[in-house]
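I have placed the structure first, in the form of structure tokens, so that the comments after it can refer back to it.
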Amino acid sequence: MHIGDVRQAPVTAPTVTLCLDSKGALRAAFMEAKTTEKLADDDKRWSKAVSGVVAAVLMSVPLLVILLGGRSIGAPGVWIQTAMAGLRQGSSDHSLLHSSSSHHDRLYGGLLIEGFNVQSCHSRYQSAMYRRTAGRRPSPYLVSKLRRHEALQRRCGPGTAAYSNALEQLRSGKSVASPECSYLVSISYRGLGNRLLAAASAFLYALLTDRVLLVDPSNAMDELFCEPFLGATWLLPPGFPLTNYTNFDIDTAERYGNMVKNDVFGSDATDASTAVQQVPAFAYVHLNYDATLEDKYFFCDDDQRQLRRVQWLVMRMDNYIVPGLFLVPAFQDELDTMFPEPDTVFHHLGRYLFHPSNHVWGLVARYYHTYLASAKKRVGIQVRIYGALPDSPALLEQITTCTQKERLLPEILAEREPTISPDPGAKSIAVIVTSLKSCYSDELKRVYWEHATATGEAVSVHQPSHEEYQRSGATSHESKAWAEMYLLSLTDVLVTSSMSTFGYVAQGLGGVRPWLLYKPANSSAPADPPCGRDVSMEPCYFKPLSYDCRRQKQWVDPSTVVPHVQGCHDAGWGVKLVGRSR
Ligand code: GDP
């Protein structure tokens, strides 16, 4: 996403221009990336890029035939047994980590628990079977924390006496000294990727502060996902007393930033009863892109102490604030124990929280079996298009140069070179492109049909939908978006667009450190370099607080405070979590 980019859907769909006038330009991009070295050298370089173990496994799998330019022939069921133990994506890619038995760990190392109704949510216990990599293991502490949180949601969530009491308290407008249960309501708005990152961030904050998480069901949030908590709902039920809470914004009087300015809590309220009187029944925490400095004091210890006393928090954010939580001193020990690998926060929380509903899972599973299952390598390319921008030959060139240069897709042979028949022993590669426009995948498909690959590999290119423009809130549109994010997360190699939360969700769920398509300096020329490997699979937090609360709120580079919070490659001012060893 872009900071402050409202990205309203146009009233009428934009005219779709012809994708690429420069057929020659694309071919030139492919050919330019092709080196003059012989095929044997290419093979040597390729095999260097994959670990020896993986190469051995790849060679041992049954041969799969793919029709050039056509659809892969799925072999439902068989792929699960024959699937190679995966390439680990994330901290060290291409290293073989998981045997096929761990590959079938449908509970993701204890993130999930048995006991849910299987029919009401097929994805919950099936999704692990669609992944070639088991992903990273959650820490035992995180697992125990999740179990405790589920118990909290059951004890205090909607339908319980504690919930009714808390609603009464909210209606009365009065605070209570030691509330039995505290709550966090997360507003759902903007595109789906933004909403998922906001929900995951809110959940982590709820875990850290023992609050019941209730997600605003609007924008189809109630239709796209299964319930994550056994025996409790995560959706805010109808009848919430703050009837206009979805409109809370920078102008809302109860905004925490306002309270800070107005010293609502009192600076030195030591007497318990006085302090309670000063505590409002709820506070609105505004961590949106336009949050003020006072709003962002949320990330300071003193402010967290005040907020703890407020029974109801309503929170709006369009950002992944998790790196900011790692900068709060009071949370650091707990976070370190929960996430000994800090670059796995969204990976684990996303897999824990976001299970596609049966309708969406149908979209995922059918597409997967039809187009991806039988391929030996799956490549996902996410091309984020904003508004009514015309199709861009420069962007197409950027994509092709990136995938060629980084050897994510095989080089093509020039037309005049002798055609090599597809080698039935060679890898088949399925490429899934997601985009609002069809142009980019059409061109890739055309090129791999019209040209043989230098390696003899067969490359098929697929795109599930091209919705033309963003229509957030429309259920069928959102379902496709969610299904496509999920499909991208099932790929072995991922190319994503800079600053897109759509791509962030896919990479986190998949456990894949993506190749980032850099933003070009101007829109008429491709970015140079076209892409680079991201530093971690974690999403970027675009607008962190860059002030050190402990040093009188002076400006500070967050990475000097917490070394595993580093700058993002795609957003200079943003920060993200990286592995500890970096
Ligand atoms: P971001 O704006 O790139 O950060 O991602 P979001 O997911 O928050 O918002 C973009 C929204 O536009 C998505 O949620 C979809 O509604 C739509 N969209 C953008 N790209 C695609 C795409 O490739 N496929 C589909 N189906 N929808 C898309």
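Using the working numbering, the letters of the sequence shown correspond one by one to residues 32 to 613.
Just so you know, even glycine gets a beta-carbon here, dropped at the ideal spot from N, CA and C.
With a cut-off of 8 Å on Cβ pairs, the stretch 540–550 is in contact with the stretch 371–386, counting three or more such pairs.
The continuous beta strand (DSSP E) containing C562 extends over residues C562 to R564. Boundaries for R415: no beta strand (DSSP E) harbours it, and the DSSP string shows neither H nor E there. The shortest C-alpha to C-alpha distance from D565 to any of P545, A556, Y578 and L576 is the one to P545. Of the candidates N275, L384 and A461, A461 places its Cα closest to the Cα of V524.
F533: member of the alpha helix (DSSP H) spanning T532 to G541, first to last residue. Distances taken from the Cβ of Q501 to the heavy atoms of the ligand GDP include one shorter than 7 Å.
Around the beta carbon of P570, 16 or more other beta carbons sit within 10 angstroms, so the residue counts as buried. As the crow flies, the alpha-carbon of D241 is around 17 Å from that of L384. Taking the CA atoms as reference points, F260 sits about 25 Å from Q363. Residue pairing by DSSP places R242 opposite S213 in a beta bridge.
DSSP places V376 in the uninterrupted alpha helix (DSSP H) bounded by V376 to L384. Under the 8 Å Cβ criterion, the stretch 168–182 does not count as touching the stretch 216–233, having fewer than three qualifying pairs.
Contact between V536 and Y471 is ruled out by a C-beta separation of about 20 Å, above the 8 Å threshold.
Put simply, the stretch 484–497 touches the stretch 398–406. At least three CB pairs are less than 8 Å apart. In this structure, L547 is the residue among A552, L547, P561 and W586 with its C-alpha nearest to the C-alpha of S567.
K468 and Y500 have their C-alpha atoms spaced approximately 8 Å apart. Look at the stretch 177–239 and you find these whole runs of alpha helix (DSSP H), each 4 residues long or longer: 192–203. The C-beta separation of K550 from S529 comes to about 5 Å, placing the pair in contact by the 8 Å criterion. Q200 and L235 have their C-alpha atoms roughly 25 Å apart.
In the DSSP assignment, I460 falls within the beta strand (DSSP E) that extends over S459 to S466. If the five residues before and after H180 are omitted, its C-beta is found closer than 6 Å to the C-beta atoms of L238, all from its own chain and listed in chain order. In this structure, the C-beta of H508 approaches the ligand GDP to less than 7 Å from one of its heavy atoms. Excluding its 5 nearest sequence neighbours in each direction, F313 has C-beta neighbours in its own chain below 8 Å: L201, L273, E285, V341, Q342, W343, L344 and V345, listed in chain order. Beta-bridge analysis with DSSP links T527 to L547.
In the DSSP assignment, no residue is bridged to P575.
As the crow flies, the alpha-carbon of S466 is around 43 Å from that of R186. DSSP places M346 inside the beta strand (DSSP E), whose first and last residues are W343 to R347. Per the DSSP secondary-structure output, F256 pairs in a beta bridge with P387. By the Cβ rule, the stretch 433–444 does not count as touching the stretch 573–582, because fewer than three pairs are nearer than 8 Å. Across the structure, G141 and V174 are spaced so that their CA atoms are roughly 6 Å apart.
Looking at the DSSP output, K607 bridges to Q597. Distances taken from the Cβ of T240 to the heavy atoms of the ligand GDP include none shorter than 7 Å. The residues V295, F296, G297 and A300, in chain order, have a CB closer than 7 Å to that of Q309 in the same chain once the five nearest residues on each side in sequence are set aside. Between the alpha carbons of Q435 and F357 lies a gap of roughly 37 Å. For L266, the pairing in a beta bridge is given by DSSP as V246.
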